[in-house]
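J.:
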Amino acid sequence: GMPAAPPPVLAPRRTTRQIKVGKVGVGSESPVSVQSMTTTLTSDVNATLQQIAELTATGCDIVRVACPSQDDAEALPEIAKHSQIPVIADIHFQPKYVFAAIEAGCAAVRVNPGNIKKFDDQIKEIAAAATDHGTSIRIGVNAGSLDPRLLAKYGKATPEALVESAKWEASLFEEHGFRDFKISVKHNDPVVMVRAYELLAEAGDWPLHLGVTEAGPAFQGTIKSATAFGALLSQGIGDTIRVSLSAPPVEEVKVGIQILQSLNLRPRKLEIVSCPSCGRAQVDVYTLAERVTAGLEGMEVPLRVAVMGCVVNGPGEAREADLGVASGNGKGQIFVKGEVIKTVPESMIVETLIEEAMRLAEEMEPV
Ligand code: SF4
Numbered sequence: 007g008m009p010a011a012p013p014p015v016l017a018p019r020r021t022t023r024q025i026k027v028g029k030v031g032v033g034s035e036s037p038v039s040v041q042s043m044t045t046t047l048t049s050d051v052n053a054t055l056q057q058i059a060e061l062t063a064t065g066c067d068i069v070r071v072a073c074p075s076q077d078d079a080e081a082l083p084e085i086a087k088h089s090q091i092p093v094i095a096d097i098h099f100q101p102k103y104v105f106a107a108i109e110a111g112c113a114a115v116r117v118n119p120g121n122i123k124k125f126d127d128q129i130k131e132i133a134a135a136a137t138d139h140g141t142s143i144r145i146g147v148n149a150g151s152l153d154p155r156l157l158a159k160y161g162k163a164t165p166e167a168l169v170e171s172a173k174w175e176a177s178l179f180e181e182h183g184f185r186d187f188k189i190s191v192k193h194n195d196p197v198v199m200v201r202a203y204e205l206l207a208e209a210g211d212w213p214l215h216l217g218v219t220e221a222g223p224a225f226q227g228t229i230k231s232a233t234a235f236g237a238l239l240s241q242g243i244g245d246t247i248r249v250s251l252s253a254p255p256v257e258e259v260k261v262g263i264q265i266l267q268s269l270n271l272r273p274r275k276l277e278i279v280s281c282p283s284c285g286r287a288q289v290d291v292y293t294l295a296e297r298v299t300a301g302l303e304g305m306e307v308p309l310r311v312a313v314m315g316c317v318v319n320g321p322g323e324a325r326e327a328d329l330g331v332a333s334g335n336g337k338g339q340i341f342v343k344g345e346v347i348k349t350v351p352e353s354m355i356v357e358t359l360i361e362e363a364m365r366l367a368e369e370m371e372p373v
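First residue of the sequence shown? That's 7 in UniProt numbering, and the numbers climb one at a time after it.
(1) Under the rule that 16 or more other beta-carbon atoms within 10 Å means buried, what is residue 303, buried or exposed?
(2) Work out the CA separation of residue 67 and residue 12 for me, nearest whole Å.
(3) Would you kindly work out how many angstroms separate the C-alpha atoms of residue 32 and residue 142, rounded to a whole number?
(4) Since residue 255 and residue 43 are thought to touch, with beta carbons under 8 Å apart, how far apart are those beta carbons, to the nearest angstrom?
(5) Mind checking residue 179: buried by the 16 CB within 10 Å criterion, or exposed?
(6) Exposed or buried, which one is residue 258 when buried takes at least 16 other CB atoms within 10 Å?
(7) Can you tell me whether residue 7 is buried or exposed? The criterion is at least 16 other CB atoms within 10 Å of its CB, across all chains shown.
(8) Any chance the CB of residue 314 is under 7 Å from a heavy atom of the ligand SF4?
(9) Using alpha carbons as the reference points, say which of 205, 239, 194, 266 lies closest to residue 221.
(10) Between residue 16 and the rest of its own chain, which residues show a CB-CB distance below 6 Å, the 5 nearest in sequence each way excluded?
(11) Count the other C-beta atoms from every protein chain shown that fall within 10 angstroms of the C-beta of residue 164, then say buried if there are 16 or more, exposed otherwise.
(12) Does any C-beta atom of chain B lie closer than 8 Å to the C-beta of residue 106?
(13) The ligand SF4 and residue 49: does any heavy atom of the ligand fall closer than 7 Å to the residue's C-beta?
(14) Check whether the Cβ atoms of residue 287 and residue 310 lie closer than 8 Å to each other.
(15) Give the range of the beta strand (DSSP E) segment to which residue 184 is assigned.
(16) Could you tell me whether the Cβ atoms of residue 322 and residue 291 are closer together than 8 Å?
(17) Return the chain-ordered list of same chain residues with a C-beta closer than 6 Å to the C-beta of residue 274, the five sequence neighbours on each side being excluded.
(18) Pick from 264, 355, 306, 77: whose alpha carbon is nearest that of residue 41?
(19) How long is the line joining the alpha carbons of residue 217 and residue 235, rounded to whole angstroms?
(20) Using only the alpha-carbon positions, how far apart do residue 320 and residue 313 sit?
(21) For residue 296, which option in 280, 285, 251 has the closest C-alpha, if you only look at C-alpha atoms?
(22) So, at 6 Å on beta carbons, what are the nonlocal neighbours of residue 358 in its own chain, with the 5 sequence-adjacent residues on each side left out?
(23) Under the DSSP definition of a beta bridge, which residues are partnered with residue 349?
(24) Locate the beta strand (DSSP E) running through residue 26, then write down its first and last residues.
(25) Quick one: give me the first and last residue of the alpha helix (DSSP H) that residue 325 is part of.
(26) Can residue 320 be considered in contact with the ligand SF4, in the sense that its beta carbon sits closer than 7 Å to one or more heavy atoms?
(27) Under the three-state reduction of DSSP, which class applies to residue 355: helix, strand or coil?
(28) At a threshold of 7 Å, does residue 286 count as lining the ligand FMN (C-beta to nearest heavy atom)?
(29) Could you please give the first and the last residue of the uninterrupted alpha helix (DSSP H) stretch that includes residue 35?
(30) What are the start and end residues of the alpha helix (DSSP H) that includes residue 1?
(31) Using a threshold of 8 Å, state whether the C-beta atoms of residue 172 and residue 189 are closer than that.
(32) List the DSSP bridge partners of residue 142.
(33) With 16 as the cutoff for other CB atoms within 10 Å, does residue 99 come out buried or exposed?
(34) Per DSSP, residue 193 is paired with what?
Given below as structure tokens:
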């Protein structure tokens, strides 16, 4: 049959140069990728690889590991070799670890020039080593570690200050002919962060790594990241994202993927369309939605399952979905592709939905 039309997006991607982080393309010709960062000691190779495996299984595209010590630098070759997704070494202060990471086979290195003294002198060598090894770079400007000269000039980490820092650091690489880098300008305030990325997007064709830094615990961090990324991605700005949460990194990946799916920047998989419930609800919608979500976790097909509390909007939504239930009078009407296929007692709703979902999923193509 005819291929389905691609789902609508809010804006075309901003055109950027294309870079590679290992096997993952970053730039306007590649899908927006999701990153996270390990929380293990990088020197503990087994623990780090275990966490990377969990992140990979959750759908993470690229992983970053901190490299604050010589022991960490020495662990990088094993980690880079055994990780199934590209590894970026995160280096703050010591240029010697930048060279170690490049030689270790890391796909990319994140540098924070504001934190590297005499950075200017070493760029030429870093650029040469990175070119030799096919390593890309992220220039990671961060409000908390802004170049002191810019802090003095602007008084604080304003969007203009972050962007001036990024442009200057980009020029240091570009004057040596090195172009394989992306840039981030992170701030913990989504408003400052969004403005900084807007300015940066106008200033050059660099691929951009989005992040709200120190976004906070899961709930606040999720909302700060989602609103900020949404504001930028809805203008086509952003080529790779990292949600920062004070929570396990797999949670960051789940949030990142959900943000991209919400904007149709990544195919939607399982989608639960559940009502908030209200005074009309004739069933415990929260529990029902939670149990159905838990029962279908990890589903790899684009299935829409409607869980509705009553018969007002229930049948309508349930009909629009692939599968759904509209509850009422201690019963659930089960809809499949718009048709009521059966009515079951309330106690059977969850297992019937899961059973039908599994049956439908078998007929669908994974995304
Ligand atoms: Fe309320 Fe029914 Fe709408 Fe759920 S579907 S929010 S119970 S009216």
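Note that beta-carbon positions come from the ideal geometry of N, C-alpha and C, so glycine has one too.
T.: On the basis of the supplied data:
(1) The sequence position of residue 303 within the sequence shown is 297, counting from 1. Flag for residue 303 reads exposed.
(2) Mapped onto the sequence shown, residue 12 falls at position 6. Mapped onto the sequence shown, residue 67 falls at position 61. C-alpha separation (whole angstroms): 22 Å.
(3) Against the sequence shown, residue 32 aligns to sequence position 26. Against the sequence shown, residue 142 aligns to sequence position 136. Distance between the alpha carbons of residue 32 and residue 142: 10 Å.
(4) Along the sequence shown, read from residue 1 onward, the residue named residue 255 stands at position 249. Along the sequence shown, read from residue 1 onward, the residue named residue 43 stands at position 37. Rounded, the Cβ-Cβ distance is 6 Å, consistent with contact.
(5) Residue mapping note: residue 179 aligns to position 173 of the sequence shown, counting from 1. Residue 179 is buried by the Cβ-count criterion.
(6) In the sequence shown, counting from the first residue as 1, residue 258 sits at position 252. The residue is buried, with at least 16 neighbouring Cβ atoms inside 10 Å.
(7) Translated into the one-based positions of the sequence shown, residue 7 becomes position 1. At residue 7 the pLDDT is 47, less than 50, meaning the model places this residue with poor confidence and gives no usable figure here.
(8) The residue given as residue 314 occupies position 308 in the sequence shown. Residue 314 Cβ: within cutoff of the ligand SF4.
(9) Counted from its first residue, the sequence shown places residue 221 at position 215. Checked all of 205, 239, 194, 266; the closest Cα to residue 221 is 194.
(10) In the sequence shown, residue 16 corresponds to position 10, counting from 1. Correct list, in chain order: 240.
(11) Stepping through the sequence shown from its first residue, residue 164 is reached at position 158. Buried: at least 16 other Cβ atoms inside 10 Å.
(12) Absent here is chain B; the protein component of the structure consists of one chain.
(13) Within the sequence shown, the letter at position 43 stands for residue 49. Residue 49: no, Cβ never under 7 Å from the ligand SF4.
(14) The sequence position of residue 287 within the sequence shown is 281, counting from 1. The sequence position of residue 310 within the sequence shown is 304, counting from 1. Not a contact, by the Cβ cut-off of 8 Å.
(15) Mapped onto the sequence shown, residue 184 falls at position 178. Segment: none, residue 184 is in no beta strand (DSSP E) and carries neither H nor E.
(16) Locating residue 322 in the sequence shown gives position 316, where the first residue counts as 1. Locating residue 291 in the sequence shown gives position 285, where the first residue counts as 1. Going by C-beta atoms, residue 322 is not nearer than 8 Å to residue 291.
(17) Taking the sequence shown and counting its residues from 1, one reaches residue 274 at position 268. Around residue 274: 267, 308.
(18) Translated into positions along the sequence shown, residue 41 becomes position 35. Of 264, 355, 306, 77, the residue nearest in Cα terms is 264.
(19) Here residue 217 refers to the residue found at position 211 when the sequence shown is read from its first residue. Here residue 235 refers to the residue found at position 229 when the sequence shown is read from its first residue. When rounded, the distance between both Cα atoms is 8 Å.
(20) The count along the sequence shown starts at 1 and reaches residue 320 at position 314. The count along the sequence shown starts at 1 and reaches residue 313 at position 307. So the alpha carbons of these two residues sit roughly 8 Å apart.
(21) Here residue 296 refers to the residue found at position 290 when the sequence shown is read from its first residue. Measuring from the Cα of residue 296, the nearest candidate turns out to be 280.
(22) As a working mapping, residue 358 is identified with position 352 in the sequence shown. If we look at residue 358 and ignore the five residues flanking it on each side, its Cβ neighbours are 340, 350.
(23) Locating residue 349 in the sequence shown gives position 343, counting from the first residue. Residue 349 is bridged to 339.
(24) Position 20 of the sequence shown, counting from 1, holds the residue named residue 26. First-last of the beta strand (DSSP E) with residue 26: 25 to 27.
(25) In the sequence shown, the residue the question calls residue 325 occupies position 319. Note, residue 325: alpha helix (DSSP H), 320 to 326.
(26) Within the sequence shown, numbered from 1, the residue matching residue 320 stands at position 314. Checking every heavy atom of the ligand SF4 against the Cβ of residue 320, one is found closer than 7 Å.
(27) Taking the first residue of the sequence shown as position 1, residue 355 is located at position 349. In the structure shown, residue 355 sits in a helix (DSSP, three-state: H, G or I).
(28) Of the ligands one can find in the structure shown, namely the ligand SF4, none is the ligand FMN.
(29) Within the sequence shown, the letter at position 29 stands for residue 35. From DSSP, residue 35 is part of no alpha helix (DSSP H); its letter is neither H nor E.
(30) Here the chain comprises residues numbered 7 to 373, so residue 1 is not present and cannot be evaluated.
(31) Counted from its first residue, the sequence shown places residue 172 at position 166. Counted from its first residue, the sequence shown places residue 189 at position 183. Closer than 8 Å, so yes.
(32) Counted from its first residue, the sequence shown places residue 142 at position 136. Bridge partners of residue 142: 114.
(33) The residue given as residue 99 occupies position 93 in the sequence shown. Exposed, since its Cβ has fewer than 16 Cβ neighbours within 10 Å.
(34) Against the sequence shown, residue 193 aligns to sequence position 187. Answer is 218, bridged to residue 193.
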